[in-house]
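Each residue of the sequence shown is one higher than the last, beginning at 30 in the working numbering.
Where a beta carbon is used, it is the ideal one built from N, C-alpha and C, also for glycine.
Every value quoted in this text rests on a predicted model; they were computed, and no experiment measured them.
Take a look at the structure set out below.
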Amino acid sequence: VMGVLETLQFYKPKFIIQWNHWARTMAMAGSQLLIAGGILGMWYGFPIHVLIGIYSFVLGAIVFPMSYPFEILQKKGFIFFFQQYSIVGPLLIVAPIPCFFLLPTILGALATCVSGIFYVAAA
């Protein structure tokens with residue numbers, strides 16, 4: 030029994046999930062889907078759909094540079110805000126809520142909300 034416990038203690042760090050890496054990957058994927066869905070949403074006829082499409086495009090255009098490690102943004106300190114997981118997590122859960130009301134932006138909104146949940150788990 031003692032040998033099994035020592036073995037489990039040795040392998041324990043390998044089982045820890047780094048939620049921040051998963052969150053960053055989901056945020057990058059969600060932001061690309063928000064940009065693509067926002068472009069499609071801007072072609073819809075109703076004014077509210079056009080506004081949601083513009084909002085989706087702008088949200089994706091803001092989230093992607095903050096989640097992708099650009100060296101220029103790191104030097105200026107913009108990336109530091111995105112490393113505070115307790116702020117970014119709830120923000121990424123709440124920000125894409127309007128995108129759930131337009132069909133082309135639903136998938137991007139879902140991926141962005143999941144990344145917010147992962148950021149909350151990382152905090």
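Neighbourhood of residue 66 by C-beta distance below 6 Å, restricted to the same chain and skipping five residues each side:
The residue labelled residue 66 in the question sits at position 37 within the sequence shown. Correct list, in chain order: 85, 133, 134, 137.
Check this for me: beta carbons of residue 81 and residue 130, under 9 Å apart or not?
Locating residue 81 in the sequence shown gives position 52, counting from the first residue. Locating residue 130 in the sequence shown gives position 101, counting from the first residue. Yes; because the gap between Cβ atoms is below 9 Å, this pair is in contact.
So, does the region 55-64 touch the region 140-150, judging by three or more C-beta pairs under 8 Å?
Short answer: they touch.
Unbroken alpha helix (DSSP H) runs of length 4 or more, entirely within the region 54-120: which are they?
The qualifying runs are 76-96, 100-105, 107-111.
So for residue 126, helix, strand or coil by DSSP?
In the sequence shown, residue 126 corresponds to position 97, counting from 1. Looking at residue 126 - three-state DSSP - the assignment turns out to be helix.
Exposed or buried, what is residue 123 when buried is set at 16 or more other beta-carbons lying within 10 Å of its beta-carbon?
The residue given as residue 123 occupies position 94 in the sequence shown. With a threshold of 16 other beta carbon atoms within 10 Å, residue 123 falls short and is exposed.
Between which two residues does the alpha helix (DSSP H) harbouring residue 146 extend?
Here residue 146 corresponds to residue number 117 of the sequence shown, with the count starting at 1. Unbroken alpha helix (DSSP H) run through residue 146: 135-151.
Could you give the distance in angstroms between the alpha-carbon of residue 99 and the alpha-carbon of residue 110?
The residue given as residue 99 occupies position 70 in the sequence shown. The residue given as residue 110 occupies position 81 in the sequence shown. CA-to-CA, the gap between residue 99 and residue 110 works out to about 14 Å.
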